[in-house]
Each structure stands twice: as structure tokens, then as C-alpha cells.
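Below: one structure, written as C-alpha cells.
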Amino acid sequence: MFAASGVEAPETPAPAAPAGPYRVLARKYRPQTFAELIGQDAMVRTLGNAIARDRLAHAFLMTGVRGVGKTSTARLIAKALNCIGPDGQGGPTIDPCGVCEPCRAITEGRHIDVIEMDAASNTGVDDVREIIEAVRYAAVSARYKIYIIDEVHMLSRNAFNALLKTLEEPPPHVKFLFATTEVNKVPVTVLSRCQRFDLRRITPDMLFAHFSAILQKEGVEAEAPAIWLIANAAEGSVRDGLSILDQAIAHADLDGGGRIGADQVRVMLGLSDRSAIGQLMATILDGDAGGAIDLARAQYALGIEPVAMVRGLMDVTHAVTLAKVSRHDDPALADADRERIGDWAQKLGFAPLNRLWQLLLKGHDEVLRATNPLEHLEMLLLRVIYAASMPDPGELAKLLEKGGMPTMPIAAPAA
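Each residue of the sequence shown is one higher than the one before, starting from 182 at the first, in my numbering.
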């Protein structure tokens with residue numbers, strides 16, 4: 182059109198090639214080898230020895246909290262048992278090659294002899310009968326036919342009963358891999374037929390190192406306190422931590438170069454600002470009821486939930502108590518917070534700290550269930566402050582034995 186009228190068409194930049202669909206970090210960094218499975222060294226060593234000595238159980242049960250690697254472990258075991266090596270001549274190994282056809286097919290979820298079933302949506306006896314019928318036939322292309330049943334505790338009682346005989350004497354070419362978060366709901370008759378692995382929670386130190394390595398691979402900068410906050414919020418779950426990390430990357434301010442800051446993570450997680458919680462704790466220990474309520478209302482106006490403030494006070498109380506008995510140090514603490522906690526640890530005794538903890542623990546449940554959480558938080562703060570002036574039961578008993586009574590309220594714990 183422009184050329185016909187003698188006007189040169191302006192150059193337009195070619196559209197960028199469409200990137201592939203985004204994969205969340207939890208899927209992108211799912212362990213593909215046992216070496217990548219963090220925090221489960223004892224289980225990996227046991228499996229390695231069993232494979233090396235050809236003493237493989239016919240059924241394995243992986244249990245643990247969400248996101249610690251139960252299903253990933255089951256898939257890795259399936260790889261380890263069916264790997265044939267790059268040359269096609271290999272046998273079962275604790276270090277599957279990841280390049281042979283069985284390994285690649287299992288990774289991509291298309292191996293015909295590795296059947297995954299979600300027991301939460303296949304709970305009935307008919308679903309189990311299909312497995313019982315199928316196990317009689319040999320594997321099509323793999324060394325073992327493997328059944329991975331996730332959330333196995335969701336199977337019905339009749340389904341478990343139907344599975345028992347097959348589980349006790351399965352064909353030699355069949356392996357069962359079970360995963361569950363609630364092992365107490367699995368019948369004892371099933372547990373006794375399985376080799377059980379309790380997958381441990383991942384420590385914050387391990388999560389911090391893992392998340393730091395992932396951020397480096399992703400080319401994202403983050404403050405160390407921010408990574409510690411995410412590691413602690415994950416509560417031992419790698420998957421939960423990676424989901425939070427994904428959210429933190431998306432939440433990072435682009436004006437700051439996409440750097441993840443600790444303050445941004447606190448806002449994202451709905452955590453109270455540590456300095457504000459420290460000020461609130463200081464007003465409580467000083468017996469300043471009005472100041473405590475004003476600070477609580479100010480935090481509430483900023484969007485901090487009352488129950489989050491109670492948890493923050495509990496965290497501080499816990500940190501102060503630990504500081505009295507050990508050199509436990511929270512890496513997420515700023516220097517000012519660390520100094521303040523050390524100061525309180527020197528001034529406060531175990532009795533007032535224990536009393537404060539019990540009051541906050543009881544108040545936490547009240548605020549959590551309250552129809553008006555802010556009101557309950559304010560009443561909790563008043564209860565905590567004025568409970569500090571009550572006589573200590575031990576000191577009161579001594580006074581009564583001496584025939585005396587306290588002539589003035591005992592000082593607040595900060596005194």
C-alpha cells in the first residue's frame with residue numbers, strides 16, 4: 182500500500198519468537214536423579230544397598246508431609262529398576278542414566294509399564310480389581326511393571342482388602358510404590374507387607390541452599406533474609422517453598438531489577454514487619470496498654486492480620502527463650518532484632534517467658550476463630566499486659582508461708 186503511493190514502508194521489528202509455555206519451578210526442578218533429591222540421604226543409601234545386593238522389596242511405602250518428594254521418589258525408583266543404560270545393557274542401578282528409552286519415557290510420563298494412579302479419585306474396589314487383573318501379565322517393554330499409587334490412604338476398606346493377597350504374593354515382575362501423607366490411615370495389614378520409608382522434612386538450611394542455587398540458575402537476585410523467610414515459610418516442604426519462590430519472583434519490583442527483597446516477601450506472605458512486632462513486644466513488656474493497642478491497629482490498617490501479629494509475638498517469645506538456653510541464631514534476623522532479643526533474654530526469666538508463651542498460645546486459637554479478630558487481639562494484649570503484674574504463684578506461696586502479702590503489684594516482666 183505504501184509502496185504504491187511512493188512512500189517507503191517503515192521498518193517494523195520482527196515479533197519475538199514465542200517462548201515455550203512457562204513451567205513452574207516445582208515442576209522445572211523436580212529431581213531427576215537421587216543425587217538431586219535433597220534431605221533424604223538415609224533412604225537413598227538403603228535403596229542403593231538393596232539394589233547392589235539384589236534384595237529389592239516387592240512393595241515400597243513413602244510417607245511424609247506434603248512436598249518432600251514422595252511421588253518424585255517413586256518415579257526415581259521406577260527409573261532405577263528399569264534403567265538399561267546408554268548402551269542398552271545396564272541393570273537396576275541407584276544412578277539411572279536418564280538417557281535410555283525407559284528413563285526418558287518415565288520422565289515424560291508415557292511409559293506403558295509404569296502406571297500411576299491417584300487413590301483420591303480411584304478409591305473403589307473396582308479400581309483395585311483392574312490392577313489385580315493386570316498384574317498377571319508380564320511387562321510389555323520394561324524389566325518391571327510398576328504401579329505408583331499416590332495418596333494410598335484414600336483407598337476404601339474393601340479396596341485395601343482386595344489388594345492384600347496380591348500385595349503379599351505379587352508376580353516377580355511387579356513392584357508396588359505407595360505414597361501417602363497420612364500413614365496412620367493405612368491398614369496395618371498393608372503396612373506389614375511394604376518396606377516403609379519416612380521422608381523427613383527438609384531443614385531451612387537445606388532449603389536456603391537449594392533455593393539460592395535455583396535463583397542463580399534462573400538469573401534472579403535476592404536478599405539473603407528474603408530467601409530465609411521463604412525457607413522458613415515452606416515448613417520443610419520443597420514444593421511449597423518453590424511455589425512461594427515462584428510467587429516472590431513474580432512479586433519482585435521490576436524497577437529494582439527484579440531483585441527479591443525481604444520486605445516484599447513479608448508483605449507477600451502477610452507477615453508482620455519484624456521491627457513493628459519488636460515495638461509491640463517492647464510496649465507489652467513496658468506495660469503500655471495504650472501503645473500496644475495503637476501499634477496493633479496501625480499494623481491492621483496496613484493489612485496485617487491479627488493472627489499474624491500473634492504469631493509474630495510467639496516467634497519473638499520463642500526466640501528470646503531459646504537465646505537464654507542456647508546460641509541458636511535465626512539467620513533471617515537483622516542485627517538490631519538480634520541485639521534486642523539478646524537484651525530481653527538477659528532481663529527476662531523463664532517464669533514470665535513461659536507465662537507469656539501460654540497466654541499467646543491460648544490467645545492464638547481465640548483470635549484465629551474469632552468473628553472480629555482485631556477485638557480479640559486487643560483483649561489478648563490487655564490480658565497479657567495485666568497478667569504480668571499478677572503475683573508469680575511460687576513467690577506468692579513463699580509470702581503466704583511467711584505470713585505476708587505483697588503490698589504492691591509485682592513488676593512487669595521487663596523490670
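C-beta: ideal position from N, C-alpha, C; glycine also.
Cβ separation of residue i and residue j, assumed to be a contact under 8 Å, to the nearest whole Å
i: Phe241; j: Val225; result: Rounded, the Cβ-Cβ distance is 13 Å, inconsistent with contact.
i: Val448; j: Ala429; result: Not quite, the Cβ-Cβ distance comes to about 10 Å (not below 8 Å), so this is no contact.
i: Ile474; j: Glu559; result: 5 Å
i: Asp331; j: Thr252; result: 6 Å
i: His239; j: Pro351; result: 5 Å
i: Leu452; j: Ala415; result: Contact flag wrong, Cβ pair sits at about 13 Å.
i: Ile329; j: Ala255; result: 5 Å
i: Ala323; j: Pro283; result: 6 Å
i: Met462; j: Val497; result: 5 Å
i: Val309; j: Ala343; result: 5 Å
Run of the beta strand (DSSP E) containing residue i, from where it starts to where it stops
i: Ile296; result: 295-299
i: Lys601; result: It is not possible to answer for residue 601, since the shown part of the chain is limited to 182 through 596.
i: Arg377; result: 376-379
i: Tyr328; result: 326-331
Outcome for residue i when other beta-carbon atoms lying within 10 angstroms are tallied against a minimum of 16
i: Ser302; result: exposed
i: Thr464; result: buried
i: Tyr325; result: buried
i: Gly187; result: With a pLDDT of 43 at Gly187, under the threshold of 50, the predicted position of this residue should be treated as unreliable, and no value is reported.
i: Asn413; result: buried
i: Ala532; result: exposed
i: Ile293; result: exposed
i: Tyr567; result: exposed
i: Pro202; result: exposed
i: Gln480; result: buried
i: Val355; result: buried
i: Lys483; result: One detail in the question is off: residue 483 reads as Leu in this sequence, not Lys. Per the 10 Å Cβ criterion, exposed.
i: Val249; result: buried
i: Ala300; result: buried
i: Ala489; result: buried
i: Leu418; result: A small correction: the amino acid at residue 418 is Ser; Leu does not occupy that position in the sequence shown. Under this definition Ser418 is a buried residue.
i: Leu410; result: buried
i: Asp421; result: buried
i: Gly220; result: buried
i: Gln270; result: exposed
i: Thr370; result: exposed
i: Arg455; result: buried
i: Ser211; result: Going by the sequence as given, residue 211 is Arg instead of Ser. Under this definition Arg211 is a buried residue.
i: Gly438; result: exposed
i: Leu563; result: exposed
i: Lys260; result: buried
Proximal residues to residue i (C-beta, below 7 Å), its chain only, five neighbours per side dropped
i: Thr347; result: Ile313, Val316
i: Arg550; result: none
i: Ala185; result: Bear in mind that the predicted position of Ala185 carries a pLDDT of just 40, short of 50, making it unreliable; the figure below should be weighed with that in mind. Excluding residues within five positions, none has a Cβ falling inside 7 Å.
i: Gly229; result: Ile275
i: Gly305; result: Ser337, Ala340
i: Gly442; result: Glu404, Ala407
i: Ala504; result: Ile522, Gly523, Ala526
i: Gln213; result: Gly279, Thr288
i: Arg382; result: Val246, Val249, Gly417
i: Asp307; result: none
Cβ-based neighbour list, residue i, same chain, cut-off 6 Å, excluding 5 preceding and 5 following
i: His557; result: Glu547, Val548, Ala551
i: Arg519; result: none
i: Phe357; result: Ala240, Tyr328
i: His391; result: Ile219
i: Phe359; result: Leu242, Ile330, Val333
i: Arg377; result: Leu242
i: Leu423; result: Leu206, Ala207
i: Leu237; result: Ala231
i: Glu349; result: Arg374
i: Glu402; result: Arg440
Own chain residues within Cβ distance below 8 Å of residue i, not counting five before or after
i: Ala431; result: none
i: Val565; result: Ile465, Leu537, Leu540, Leu541, Gly544
i: Pro199; result: Its pLDDT being 45, under 50, Pro199 is placed unreliably in this model, and the coordinates cannot settle the point.
i: Val280; result: Pro267
i: Leu534; result: Thr498, Val501, Thr502, Lys505, Pro594
Residue span of the alpha helix (DSSP H) that contains residue i, given as start and end
i: Pro487; result: 487-506
i: Tyr318; result: Premise fails: Tyr318 is in no alpha helix (DSSP H) and is neither H nor E.
i: Asn339; result: 338-349
i: Asn535; result: 531-550
i: His557; result: 554-568
i: Leu206; result: 206-209
4 or more residues per run - each alpha helix (DSSP H) lying fully within the stretch 232-314:
Counting only runs of 4+ residues, the alpha helix (DSSP H) found wholly inside the stretch 232-314 occupies 251-263, 282-288, in chain order.
Kindly provide the ranges of any alpha helix (DSSP H) runs that are 4 or more residues long and lie completely inside the stretch 443-476, ordered along the chain.
Runs found: 443-450, 455-466.
Beta strand (DSSP E) runs wholly inside the stretch 368-423, at least 3 long, in chain order
The stretch 368-423 contains these whole beta strand (DSSP E) runs: 376-379.
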